[in-house]
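Visitor:
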Amino acid sequence: MLSTLDKLQPSDFPRITRGETTTLQVNLGYRCNQQCLHCHVAAGPNRSENMTADTVDLLIATLERLRFGTLDLTGGAPELNPEFRRLVDAARRLDMRVIDRCNLTILQEPGQDDLAGFLAANRVDIVASLPCYLEENVDGQRGKGVFQRSLDGLRQLNELGYGHVDSGLTLNLVYNPQGPTLPPPQAALEDDYRKMLHDRYGIVFTGLLALTNLPIQRFGSTLLSRGQFHDYIALLKDAHQDSNLDEVMCRSLISVDWQGYLYDCDFNQMLGIGLQGGDSATLHLRDLPELALSGRTIRVADHCYGCTAGQGSSCGGALSDAS
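First residue of the sequence shown? That's -13 in the numbering used here, and the numbers climb one at a time after it.
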């Protein structure tokens, strides 16, 4: 896989600083039951990186001490980590909002028969990957049969109440473009998703998050191999909106990798751009309780334009109504 880091730095991205940190986003490992073309983590069935029980112990102790409002669990498929359920239980006992970034097909994997019920019982918010409402597009990006398995997962979640108004069980879907283009306006796209999924399959959901593909890892390598990388960076820069800078996720989120090291965001994590102390060593979860975060300068590179282009993009979807 071709690296893109040397092509993203140095960068002219505007200087930004951290505000109040409300979300701890934790990558529990890079192992996944899928291997998607757009994946910025380069996750897959053959990845072995997994957060250990000792690091999860440290994570839970950190949550007890600092009391973040939201614990955002990602991967790979975070549910494949043996410590996933213990961590969810601990966070919910602390009355934290927990987000599970779920690929939907994990719900049919061996040993995960009761996963959907566990998520519902703990009132975990689900952010579910479904990059299109058309079968050929989803299977082309994520593998043959993934669309139908994703629908099965959505039906299972709907039966438990997820996505239904007043159920209190949040089910947000995630769209990302098929190639090197910006997402269409999120609100209009959400309307299309609602109509297509309900009319064709009887599926309901809470909201849609439109995410921009970042030029890193597997997607960045694909751009380089196709000679599209520099044009895509130019597209992102040309569409930059200063107004999105106040809302980018790195201003209120800390990202933790499977070993416990800290980053300004999940994308920096994948590039190895760590949160650094005075000695330039990458900071660790054990440093977090003593770390002054507010006002700290965020480390940037040209991939950051993916979060400020057009309507903006973050782990929570579009940042503005701009198209």
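Every residue, glycine too, gets a C-beta built ideally from N, C-alpha and C.
Here the structure is a predicted model, which means the values were calculated and not measured.
Alpha carbons only, please: which of Phe70, Asp100, Tyr218 is nearest the one belonging to Gly165?
Guide: Tyr218
Visitor: Taking the alpha-carbon of Asp288 as reference, which of Asp125, Ser34, Leu222 has the nearest alpha-carbon?
Guide: Here the closest residue by C-alpha is Leu222.
Visitor: My assumption, with CB atoms under 8 Å, is that Leu57 sits in contact with Leu10. Please give the rounded CB distance.
Guide: Their Cβ separation, rounded to whole angstroms, is 6 Å, which keeps Leu57 and Leu10 in contact under 8 Å.
Visitor: Would you call the CB atoms of Leu137 and Tyr187 closer than 7 Å?
Guide: yes
Visitor: May I ask you to report which of helix, strand or coil DSSP gives Ser211?
Guide: The answer is helix: DSSP assigns Ser211 an H, G or I state.
Visitor: Suppose the cutoff is 8 Å on Cβ atoms and the five residues either side in sequence are ignored; what does the same chain contact list for Arg135 look like?
Guide: Leu90, Thr91, Gln94
Visitor: Rounded to the nearest angstrom, how far is the Cβ of Arg109 from that of Gly154, given a contact under 8 Å?
Guide: Beta-carbon to beta-carbon, Arg109 and Gly154 are separated by about 6 Å, close enough to satisfy the 8 Å threshold.
Visitor: Per DSSP, Gly55 forms a beta bridge with which residues?
Guide: Answer by DSSP bridge pairing: none, since Gly55 is not bridged.
Visitor: So Asn329 is in the alpha helix (DSSP H); what residue range does that whole segment cover?
Guide: Look at the range of the chain in this structure, -13 to 309, and you will see that residue 329 is not part of it.
Visitor: Tell whether a beta-carbon distance below 7 Å holds between Leu157 and Ile112.
Guide: In this structure, the beta-carbon distance from Leu157 to Ile112 falls below 7 Å.
Visitor: At what residue ranges does the region 49 to 93 contain a whole run of the alpha helix (DSSP H), taking only runs of 4 or more?
Guide: If we require 4 residues or more, the alpha helix (DSSP H) runs fully inside the region 49 to 93 come out as 70 to 79.
Visitor: Name the DSSP beta bridge partners of Ala196, please?
Guide: According to the DSSP secondary-structure assignment, Ala196 is paired through a beta bridge with Tyr161.
Visitor: Measuring CA to CA, which of Asn162, Gly30, Met256 is closest to Val286?
Guide: Met256
Visitor: Looking only at its chain, what residues have a beta carbon closer than 7 Å to the beta carbon of Thr8, apart from the 5 residues adjacent to it on each side?
Guide: Phe54, Gly55, Thr56, Ser238
Visitor: Using three-state DSSP, classify Ile112 as helix, strand or coil.
Guide: Note: Ile112 maps to strand in three-state DSSP.
Visitor: According to DSSP, is His184 helix, strand or coil?
Guide: helix
Visitor: Helix, strand or coil for Asn36, going by three-state DSSP, please let me know.
Guide: strand
Visitor: In whole angstroms, what is the alpha-carbon distance linking Asp178 and Leu101?
Guide: 29 Å
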